[in-house]
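Visitor: Residues in the sequence shown are numbered from 1 upward in steps of one, following the UniProt record's numbering. Following this message is one structure expressed as structure tokens.
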Amino acid sequence: MSDSQATSPGLDLRWGIAVVAILALLGTGCSGRSSAEPPRAIPMAPRPTLERDALIQGHRLRYALHLAEAPNLIYQLDCISGAALCAQPIYRELWATFQLDAADEAALARWKALRAKHGGELRRVDIPRPAQALLAPSGIFDLAERQRIAGLRARTPDAYQEAMALLSTDSDAQGLRDVLERFAPRFGEWWRQHGFAAGSVFFDGFRRLLGDSFLDSTIEKAAHFYEADLPPGTTFQIHVLVQPRSARKFHVAYQLEGDAAVEAPEDGTPESLIDVVAHELFHYLFFRMDPQRQAAFLADVCASDDPFAVASFGMLDEAVAAALGNGIVGRHYSSPEAFTAQVARGFIHYRAAGSLARELLPSMQDVLDRGTLVSSPEFRRVFRAAAQASYDGGRPRPIDYLHSHVSIAGPSFAGAAQRLRDASWAGFPNLREYASLDVEAKAFLTAHPFENVALFLQGPVPPSVLEELAPASKRALPAPLLTSGSRGFVYAAPRTAKSYLFLFVADDAKTMDDLVDRFAALPAGAGGVPVDRKK
1 MSDSQATSPG LDLRWGIAVV AILALLGTGC SGRSSAEPPR AIPMAPRPTL ERDALIQGHR
61 LRYALHLAEA PNLIYQLDCI SGAALCAQPI YRELWATFQL DAADEAALAR WKALRAKHGG
121 ELRRVDIPRP AQALLAPSGI FDLAERQRIA GLRARTPDAY QEAMALLSTD SDAQGLRDVL
181 ERFAPRFGEW WRQHGFAAGS VFFDGFRRLL GDSFLDSTIE KAAHFYEADL PPGTTFQIHV
241 LVQPRSARKF HVAYQLEGDA AVEAPEDGTP ESLIDVVAHE LFHYLFFRMD PQRQAAFLAD
301 VCASDDPFAV ASFGMLDEAV AAALGNGIVG RHYSSPEAFT AQVARGFIHY RAAGSLAREL
361 LPSMQDVLDR GTLVSSPEFR RVFRAAAQAS YDGGRPRPID YLHSHVSIAG PSFAGAAQRL
421 RDASWAGFPN LREYASLDVE AKAFLTAHPF ENVALFLQGP VPPSVLEELA PASKRALPAP
481 LLTSGSRGFV YAAPRTAKSY LFLFVADDAK TMDDLVDRFA ALPAGAGGVP VDRKK
């Protein structure tokens, strides 16, 4: 393994303001020289760039570890502005000490607007890909993810501006740079006094743990289990993002393709987070399954005789990553008492997937050791038994069908759609969203009958909806699954024996929000679909 701490031979552009101020002072005559006399240059020691990088070579895979000021500042700007998921209250505590004024808050609002402006997806068309029966990560490039990766990898304002110009526009990239440089001096002071030292503790700890044979072996076995297509020299990037000291105790980590972003609390330990690092890495391995094998895997799920196979598949990615990362890896690096407490609390906040992960855990070490594949009939049997054991009464709740789904909601019900997304823990790549039931949405759903759908409408329900999207409903609207007075209803119309169209119908946004909240709390019932207990 190698480790380097870089130093800069010159001044970064972020410190140009200070240089200008010094030169202005020299020209005022305070030195006793004539104002006509040209100022004499004063030698200045270069400011060290406090950053570290290490490359850890495993048995077959490599891990690149990074700690740097600019990515941490960019991450915190995303965080406190609300542009991305993070432990925002904790970072806001730090930024409250930066004496933010109205102009600073306006700059943060501008940052958020610029970061949210260029979203969407790019789809690869250069190679033929098989049709996917269910939502799965394959051939889709999320532009918001690319922007976040650019922030993690940029080491200077120049580098960030250049990368963002490729992902947005020249003017918007310049606008982001302006905001970045506005806050750089205040953030840099905290980085020198606290951030870099705290991050270095985690950096050293992660470097040691990533070199441990148990972790490396577990990751290599998991790559085989996930059938990940990893060419020689594949390197996983891990970015240490320092979380300020706080009385609050929570943190966020996520995987952006091959880049993992990990919040490292100032008063935490590397051992307490290595399971999170592994968890996120396992998501990436699942994403790298060969598309042909993935398509066959999904077709087997749809053809299964298990009526809950599709609902359970919506949790597979998260539940397996939790069982392997928070379970097998976490158990190895935790005390028995701490691990027992974690299991009792649940591995993750995603309750349904956490329950499934607990049921999977006793089998997963054997699954890895035997070289079992995720798409194999053997693992499908293991997963099916664990899923059924995790369901209350052996059946999914209605919301369990929407951990992976297609959402269709116009602007008036966008808030309700977001509430449902948050309650179901659906997100990229397990969510597809349309603003209306247009030609594109209908075509996609017609081609994917096993996709569960959440459709938000202001009534009445057009008969064509059932005919086009829920052919198994026999074109008759069933009794409401849930009601809210006479102004709101939720219907569950079967699309296939394994999938449903959930129709949320309301006259106004407030009623629709209430329907979503009550729907999320519904228990399981006969056939996996309950009735409204309040009727």
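We put the CB at the ideal spot given by N, CA and C, even for glycine.
Using a Cβ-Cβ cut-off of 6 angstroms (strictly less than) and excluding sequence neighbours within five positions of W191, which residues of its own chain qualify?
Guide: Closer than 6 angstroms at Cβ, skipping near neighbours: E69.
Visitor: From V516, R60, S436, pick the residue whose C-alpha is nearest to that of G415; which is it?
Guide: V516
Visitor: Can you check which of these residues, Y160, P307, G346, E145, is closest to L323 by C-alpha distance?
Guide: Sequence check: residue 323 is Ala here, not Leu. That would be G346, whose Cα lies nearest to the Cα of A323.
Visitor: Do you know how far the Cα of L114 is from the Cα of D170?
Guide: 12 angstroms
Visitor: Strictly by DSSP, which residues pair up with S407?
Guide: E433, A454
Visitor: Take every Cβ of the stretch 503–520, pair it with every Cβ of the stretch 408–428, and state whether three or more of those distances are shorter than 8 angstroms.
Guide: Contact holds: three or more Cβ-Cβ distances are below 8 angstroms.
Visitor: Classify Q255: buried if its beta carbon has 16 or more other beta carbons within 10 angstroms, exposed otherwise.
Guide: buried
Visitor: My understanding is that L65 touches L210, with C-beta atoms under 8 angstroms, so please give their C-beta distance in whole angstroms.
Guide: 7 angstroms
Visitor: What number of angstroms, rounded off, separates the C-alpha of G327 from the C-alpha of S272?
Guide: Straight-line Cα distance between these residues: approximately 13 angstroms.
Visitor: Give the DSSP-derived three-state secondary structure of A521 in the structure shown.
Guide: coil
Visitor: May I ask which residues mark the beginning and end of the alpha helix (DSSP H) holding A319?
Guide: Residues 316–321.
Visitor: Specify, as a first and last residue, the run of the beta strand (DSSP E) that A260 falls within.
Guide: 259–265
Visitor: Contact between the stretch 279–286 and the stretch 226–235 is defined here as three or more beta-carbon pairs at a separation below 8 angstroms; is this criterion met?
Guide: yes
Visitor: Please indicate yes or no: does the CB of I274 lie closer than 7 angstroms to some heavy atom of the ligand SAH?
Guide: For the ligand SAH, the structure offers nothing, since it holds no ligand at all.
Visitor: In chain order, what are the residue ranges of uninterrupted beta strand (DSSP E) at least 3 long that sit wholly in the stretch 234–289?
Guide: As for any beta strand (DSSP E) of minimum length 3 sitting wholly inside the stretch 234–289, the runs are 235–243, 253–256, 259–265, ordered along the chain.
Visitor: How should T269 be labelled, buried or exposed, when 16 other C-beta atoms within 10 angstroms of its C-beta is the threshold for buried?
Guide: exposed
Visitor: For Q237 versus A222, is the C-beta spacing smaller than 8 angstroms?
Guide: no
Visitor: On a Cα-Cα basis, can you pick out the residue from T97, F339, K112, Q57 that is closest to S213?
Guide: Comparing Cα positions, the closest option is Q57.
Visitor: In this structure, does DSSP put S484 in helix, strand or coil?
Guide: Correct three-state label for S484: strand.
Visitor: Could you check which residue in W95, S312, P157, Q147 has the C-alpha nearest to that of S168?
Guide: Nearest option by C-alpha distance: Q147.
Visitor: Around the Cβ of V262, are there at least 16 other Cβ atoms within 10 angstroms (buried) or fewer (exposed)?
Guide: By the 10 Å Cβ count, V262 comes out buried.
Visitor: Which of the three DSSP states, helix, strand or coil, is assigned to L501?
Guide: strand
Visitor: Name the DSSP beta bridge partners of F489, please?
Guide: T483, V505
Visitor: Helix or strand or just coil, what does DSSP make of A84?
Guide: Here A84 carries a coil assignment [DSSP, helix/strand/coil].
Visitor: Curious, which full-length alpha helix (DSSP H) runs of at least 4 residues does the stretch 109–176 contain?
Guide: 143–153, 157–167
Visitor: Which two residues bound the contiguous alpha helix (DSSP H) that contains E473?
Guide: Strictly speaking, residue 473 in this sequence is Ser, with Glu absent from that position. Note, S473: premise wrong, no alpha helix (DSSP H); not H, not E.
Visitor: So if DSSP puts P494 in a beta bridge, which residue, or which two residues, is it bridged to?
Guide: Note: P494 sits in a beta bridge opposite Y500.
Visitor: Between the Cα of D514 and the Cα atoms of S484, S499, R495, which residue gives the shortest distance?
Guide: S484
Visitor: Please report the distance separating the alpha-carbon of S290 from that of F297.
Guide: Reading off the sequence shown, one finds Asp at residue 290, where the question assumed Ser. Distance between the alpha carbons of D290 and F297 is about 11 angstroms.
Visitor: Could you tell me whether the Cβ of Y333 comes closer than 8 angstroms to any Cβ of chain D?
Guide: Here chain D cannot be found, since the structure has a single protein chain.
Visitor: Just how far apart, CA to CA, sit K117 and H403?
Guide: 27 angstroms
Visitor: To which residues of the same chain is S31 closer than 7 angstroms at the C-beta, ignoring the five residues directly before and after it?
Guide: Any answer about S31 is weak, because its pLDDT of 32 lies below 50 and its placement is not dependable; what the coordinates show is given next. Excluding sequence neighbours, S31 sits near nothing in its chain.
Visitor: Give the single residue among R487, R62, R155 whose Cα lies nearest to the Cα of R52.
Guide: R155
Visitor: Three-state secondary structure (DSSP) at A426?
Guide: coil
Visitor: On a Cα-Cα basis, can you pick out the residue from R182, S217, T97 that is closest to L61?
Guide: S217
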